[in-house]
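Residue numbers (numbering that gives the first Met the number 0), protein chains in the order written: chain A, 0 to 56; chain B, 0 to 196; chain C, 0 to 283. The C-beta atom is built at its ideal place from N, Cα and C for all residues, glycine as well. No experiment lies behind these values; they were computed from the predicted model shown. So the structure is just underneath, and the comments pick up after that.
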Amino acid sequence: MGKLKKQMHQRPRYKDFVFALLFGLGVFLLIIGLKDGGFLSVFRKAAFICLECIGIG
Amino acid sequence: MTKKISTLSFAFLILISFVFTSCAKNEEKEFAKAAEQLKKYQMVEKKESEPTTQEVKTEAKKEGPMALDFSLQMTDGTKFTLLQNLDKPILVNYWATWCPPCVREFPDLEEMYKNYKDRMHFVAINSAETKDVIEAFMTKNKYTIPVAMDSDNAVGMMYGIASIPTTFIVDTEGRIVFAQLGMMTKKQMQNAIEAAL
Amino acid sequence: MKKYNFFTRIYIQIAAVFASNPFLQNFSKGTIYQGKGKGICVPGLNCYSCPAAVGACPLGSLQSSLASPQGKTSFYIAGFLVSVGAFFGRTICSFLCPFGFLQELLYKIPTKKIKKSNTTRRLSIAKYIFLVVFVLALPYGVYLATGIGSPFFCKLICPAGSLEAGIPLVIANESLQSLVGFLFSWKMSLLALFIITSIFIYRPFCRFVCPLGAIYSFFNKYALFGVRVDTAKCISCKKCINFCKLDVHEVNDRECIRCGECISVCPTEAISFFQKRTNNNTIS
């Protein structure tokens, strides 16, 4: 983890800022989605074979 | 450093696989039993995919397995128990509102219901959706076919249903005489129904 | 010249294949895993209809959630893609994607190879078109027009699905065999095309088609884990760009899948995964 810290100091500052922003945005979206039943929704669709996707029916 | 990280990630990924495999073992056992049963139910159809009524009848005469009994709440508040409705053959369609082929075959299913409801029971079992969602769908599209709510997917698991839509027909003795995975055309539905009557 | 240990990456790739697909017993059963793991997206391209798969393909889930929107499900998937992308960018392509790994293995077959060129560079734009048209516009557009869409990339194109789901399921299920039609033949032909071209061209699906790679490519410049060039040491000899089999213009641009193979050809050891300690603020 130490080496990682040094690495972050050496990257141009703005890149770290954008990374933090993006990651924060990602987590934010994830949480909103989860709160709204996103997990169940993805689970239900993925727990059945998508016959369309494998070229049948 | 790179080597350490890669060995760690390698070990981590292998660990995840083991955790998942062992966690799912119990579920898998139950599911395996049911899946084996449904496999027996599925009749193989001719490639031309529009089997004649005669062909379906011949297939049906081979002894289909007994349908497993279940009891589900309907959207109109009543309870539906499969083996207590054997006065007429029963067509069961397993579906969900988010499943494109299910939604696409629904109008034809509805038409079959309207044409044959005096001679056959129809029940469309919805997989794990709330009453509100189902009713919204039915009202928006003006469908009247009876819908049962399999809210925890128990019946689906029992029958080993791994893909939807799945349609099967139970005759008056409680035997499964027809089963098909995937979307059905109107002709296919008609032939299957005629054969079971 | 710094020796890059190639063998480490391949171990992670192999591990990733099995971590995404642990339920190998399902291949003989002809069914899929239906447990709660399917609610979690995997980072690489791995069809959720694959018998052995434990998680959900992010592309498939994204298309499904646009084809029949249910609340903020698409936020959940987008959130996953953005978080993972922000962390890894296209490192996922070179380390964690099973289908990418397959293409690399096929390329190892000794034949004459078709090298990259201006044409391939221009073709690499195509993956963004596949993303916008087949993953985003068509599913959502058909939903708006008819009330329910379809996952069009999965349905019409994805060779990963054909290979790991289509083939095993049809083989193991008699009842599915009688249902195969034109669409199945189309997808098998596409799969064959990708497999054959992968022998002569390096990772053709990743470079020209994969919408997931297209999504992750936007994060390359900012992602935390990946290859870096120390601009103080770089002498612009372009050995890295010439050695790279992909259509990069510079290390870590959108085409870079961050496999690290360029590390071994850099004469000044300017490229690395984790920057060595220097006192200058000169990393690109």
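- The beta carbons of residue 55 of chain C and residue 39 of chain C sit closer together than 8 angstroms.
- Residue 76 of chain C reaches chain A at 32, 37, 41, counting residues in chain order whose Cβ is nearer than 8 angstroms.
- The Cβ-Cβ distance between residue 224 of chain C and residue 87 of chain C falls below 8 angstroms.
- In the same chain as residue 63 of chain C, and ignoring 5 residues on each side of it, the C-beta atoms closer than 7 angstroms to its own belong to 150, in chain order.
- Below the 9 angstroms Cβ cutoff, chain B contributes no neighbours of residue 212 of chain C, its closest Cβ being approximately 20 angstroms away.
- Between residue 53 of chain A and residue 168 of chain C, the C-beta spacing is below 8 angstroms.
- A residue is called buried when at least 16 other Cβ atoms come within 10 angstroms of its Cβ; residue 229 of chain C meets this threshold and is buried.
- Residue 89 of chain B has its alpha-carbon roughly 50 angstroms from the corresponding atom of residue 11 of chain B.
- Annotation for residue 25 of chain C: 31, 32, 50, 51 place their beta carbon closer than 7 angstroms to its own, counting only its chain and skipping 5 residues before and after.
- Residue contact check for residue 30 of chain C against chain B: a CB pair falls below 8 angstroms.
- When CB distances to chain C are screened at a threshold of 9 angstroms, the residues of the stretch 158-169 of chain B falling below it are 159, 161, 162, in chain order.
- What residue 47 of chain A touches in chain B, judged by beta-carbon distance under 7 angstroms, is 161, 162, 163, going in chain order.
- Following the DSSP letters along the chain, one finds residue 126 of chain B inside the beta strand (DSSP E) bounded by residues 120-126.
- Contact holds between the stretch 88-98 of chain C and the stretch 250-263 of chain C, because three or more Cβ pairs, one in each stretch, are under 8 angstroms apart.
- For residue 134 of chain C, DSSP records no beta bridge to any residue.
- Contact between the stretch 241-251 of chain C and the stretch 128-140 of chain C is absent: fewer than three C-beta pairs spanning the two stretches fall below 8 angstroms.
- Residues of chain C whose Cβ lies closer than 8 angstroms to the Cβ of residue 94 of chain B do not exist; the shortest such Cβ separation is about 12 angstroms.
- Under the 8 angstroms Cβ criterion, the stretch 200-208 of chain C counts as touching the stretch 111-129 of chain C, having at least three qualifying pairs.
- Residue state for residue 257 of chain C is assigned as coil, using DSSP reduced to three classes.
- Within the same chain, Cβ atoms closer than 7 angstroms to the Cβ of residue 137 of chain B are found at 146, the five residues on either side in sequence being excluded.
- For residue 179 of chain B, same chain residues with a beta-carbon under 6 angstroms away, outside a window of 5 residues either side, are 166 in chain order.
- For residue 94 of chain B, the enclosing beta strand (DSSP E) covers residues 89-94.
- Around the C-beta of residue 76 of chain B, fewer than 16 other C-beta atoms lie within 10 Å, and the residue is accordingly described as exposed.
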